[in-house]
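Peer 1: Add 1 to the 1-based position in the sequence shown for the numbering used here, that's all there is to it. No residue lacks a Cβ here, since even glycine has one placed at the ideal position from N, Cα and C.
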Amino acid sequence: MKDYEAKDGTMIFAGLPVTEIADEFGTPAYVTDEQRLRENYRNVYSAFSKYMDTRIHYACKANTNLAILSILNQEGTGIDAVSVGEVMTCLKAGIPADRIMYTGVNVSDAELKAVTDMGVMINVDSRSELERLAKINKKLPISFRITPGVGSGHSDKVITGKKGSKFGIPKNDVIKTYLRAKELGFDIKGIHAHIGSGGQSVEPFMDMMDVLTDTVNELKENGIDLEFIDMGGGIGVPYKMNEDEMDLNELAMNVTDIITENTDIETIILEPGRYIVCDSTVLLTRCVDVKDAGVKKYIGVDAGFNTLIRPAMYDSYHYVAIGNKFGKCSTAKYDVAGPICESGDFLAHDRALPDPEEGDVVVIYNAGAYGFSMSSNYNSRPLCSEVLVNDGKAELIRERETVEEQWKHQIVPERLRQ
Ligand code: LLP
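(1) Is Asp208 helix, strand or coil by DSSP?
(2) Considering Cα atoms alone, identify which of Gly79, Asn107 and Glu6 is closest to Glu272.
(3) Is the beta carbon of Ser198 within less than 6 angstroms of some heavy atom of the ligand LLP?
(4) If you measure between the beta carbons of Asp99 and Glu267, is that distance less than 7 angstroms?
(5) Please identify the residue among Ile72, Met314 and His195 whose C-alpha is closest to the C-alpha of Gln36.
(6) Which two residues bound the contiguous alpha helix (DSSP H) that contains Asp118?
(7) In chain order, what residues of the same chain lie with their CB nearer than 8 angstroms to the CB of Tyr315, ignoring the 5 residues before and after it?
(8) Please list the terminal residues of the continuous alpha helix (DSSP H) segment that includes Phe26.
(9) Which first and last residues belong to the beta strand (DSSP E) in which Phe145 is found?
(10) The ligand LLP and Arg56: does any heavy atom of the ligand fall closer than 6 angstroms to the residue's C-beta?
(11) Quick check on the DSSP output: the beta strand (DSSP E) that includes Glu396 runs from which residue to which?
(12) Starting from Asn263 and walking both ways along the alpha helix (DSSP H), at which residues does that stretch end?
(13) Provide the residue span of the beta strand (DSSP E) that contains Met122, from first to last.
(14) May I ask you to verify whether the stretch 231-241 touches the stretch 316-328, counting CB pairs closer than 8 angstroms and requiring at least 3?
(15) For Ala304, which of Val362, Met254 and Ala395 has the nearest alpha-carbon?
(16) Given that a residue counts as buried once 16 or more other Cβ atoms are within 10 Å of its Cβ, and exposed if not, what is Arg382?
(17) Kindly identify the DSSP beta-bridge partner or partners of Val283.
(18) Looking at the unbroken beta strand (DSSP E) that takes in Ala322, where does it start and where does it end?
(19) For Thr178, which residues of its own chain have a beta-carbon under 6 angstroms away from its beta-carbon, when the five flanking residues on both sides are left out?
(20) Please confirm whether Asn124 and Met102 have their CB atoms less than 7 angstroms apart.
(21) Please report the distance separating the alpha-carbon of Val85 from that of Lys409.
(22) Which residue from Arg418, Ala111, Val390 and Tyr379 puts its Cα closest to that of Val404?
(23) Within this structure, are the beta carbons of Ala82 and Ile147 separated by less than 7 angstroms?
(24) Is it true that the stretch 194-205 meets the stretch 217-233, where meeting means three or more beta-carbon pairs spaced less than 8 angstroms apart?
(25) According to the neighbour-count rule (16 or more other Cβ atoms, all chains shown, within 10 Å of its Cβ), is Gly295 buried or exposed?
(26) Given this structure, state the Cα-to-Cα distance separating Asp1 from Pro355, to the nearest angstrom.
(27) What is the rounded straight-line gap between the Cα of Tyr299 and the Cα of Asn138?
(28) Nearest by alpha-carbon distance to Ser198: which of Pro340, Gly165, Glu112 and Arg275 is it?
(29) Would you kindly work out how many angstroms separate the C-alpha atoms of Ala313 and Ala63, rounded to a whole number?
(30) Under 8 angstroms by Cβ, that's how I've got Met12 and Phe327 pegged, so tell me the actual separation to the nearest angstrom.
(31) What residue from Ile236, Leu249, Phe206 and Ile189 has the CA that sits closest to Lys221's CA?
(32) In the DSSP assignment, what residue or residues form a beta bridge with Ala338?
(33) Where Tyr212 and Pro149 are concerned, what is the direct C-alpha to C-alpha distance, given to the nearest angstrom?
(34) Going by the beta-carbon positions, is the gap between Leu384 and Ser376 smaller than 7 angstroms?
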């Protein structure tokens, strides 16, 4: 994992001291480096497009900020969307409907209608969904998500491809389901699988690709020719300083080899979410309290699991630094804890950090993926702001919510009003 530069003991993010960004926009705030975001997109696209016709469908569940989507739209991205809200947000950012694919699970008829009415193709997850879709819209092309029987991920909670998973068409039903779709008159374009999120090794992707290419050939024998294979997302990124990046070239070479050697498929689709946005963004939070609890020392900050839930939810590791004491020697180990009234509210455990003081700017690394998008109003705390930095210039891309805005959709019946 890469680290940042420092000037006069302060961390510099995309050309700006983090203290300046925190002073101008307040904390907590997610801060994104536009250039890094663009580089990540280009890295993954160029790794694969060397070998095959490649389409990147950014998994926007990782981060749906309209400015971020607009940047990725400029790069030419397609989208993996999972809800009507995500589809509408991507359309609002200017991404055309024919570059969006909808891969839902346990999808209602209302959602199928809304998505297809917007002209977005469906990646069908079950036989039930297929039969219901046939009654709603048969005009748009479709593909199928299959359960490959291969899983990988940073936590059991995000492994999706194993046998018995709630996601996808179970292996034994795949051919039958495609044949049924043909009988129903659908234009069937592809096949999709997603093994899980945040895995760091190439092998599970290759195992999944073996299953996908075998299925493509079996379908061909049954008179069904496909145009693309979609390998889902799941490219892991390093969260720790001593961890290496996954070798994208090795991944691309190996999976595309399996496709070109075994099938006549010409197009590969990938759905990276984490890889594109994760290390483009840090979470800036301020130290508001310092406590020595005897057996433990705490840095109390103004972001809790309402702002970044990954450590509490998955025990995820996010690297932490004190931005205004960058490079200074650590004095002791600290837990970094937030303002939420639960003992599970922490951002990091046992981190060696320089002497913290109230007012310090604490920087949480790798916060761009599943950071803001999983944040909540728990404890009636407003959602935080988001900032974009490009070429040493910072711009607000999401205003901090107000408490009043949280009341907007609540109704107190007349009889209870004082
Ligand atoms: N495609 C499909 C069908 C997916 O379900 C996902 C993620 C992706 C692509 C993108 O995966 P990525 O490239 O980002 O690994 N909240 C968790 C991650 C959940 C991922 C869910 N699906 C976290 O914070 O680690």
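Peer 2: In this structure, then:
(1) helix
(2) Gly79
(3) yes
(4) no
(5) Ile72
(6) Asp110 to Asp118
(7) His155, Ser156, Lys158 and Val159
(8) Val19 to Phe26
(9) Ile143 to Arg146
(10) no
(11) Lys394 to Arg399
(12) Leu249 to Asn263
(13) Met122 to Val125
(14) yes
(15) Val362
(16) buried
(17) Val32
(18) Val321 to Ile323
(19) Arg128 and Ile170
(20) yes
(21) Whole-angstrom Cα-Cα distance: 22 angstroms.
(22) Tyr379
(23) Not in contact: Ala82 and Ile147 (Cβ atoms no closer than 7 angstroms).
(24) yes
(25) exposed
(26) Beyond the ends of the chain as shown, which are 2 and 419, falls residue 1; an answer cannot be given.
(27) 56 angstroms
(28) Arg275
(29) 17 angstroms
(30) The Cβ separation is near 4 angstroms, so the contact holds.
(31) That would be Ile189, whose Cα lies nearest to the Cα of Lys221.
(32) Gly301 and Phe347
(33) Checking the sequence shown, residue 212 turns out to be Val, not Tyr. Rounded to whole angstroms, Val212 and Pro149 show a C-alpha spacing of 6 angstroms.
(34) yes
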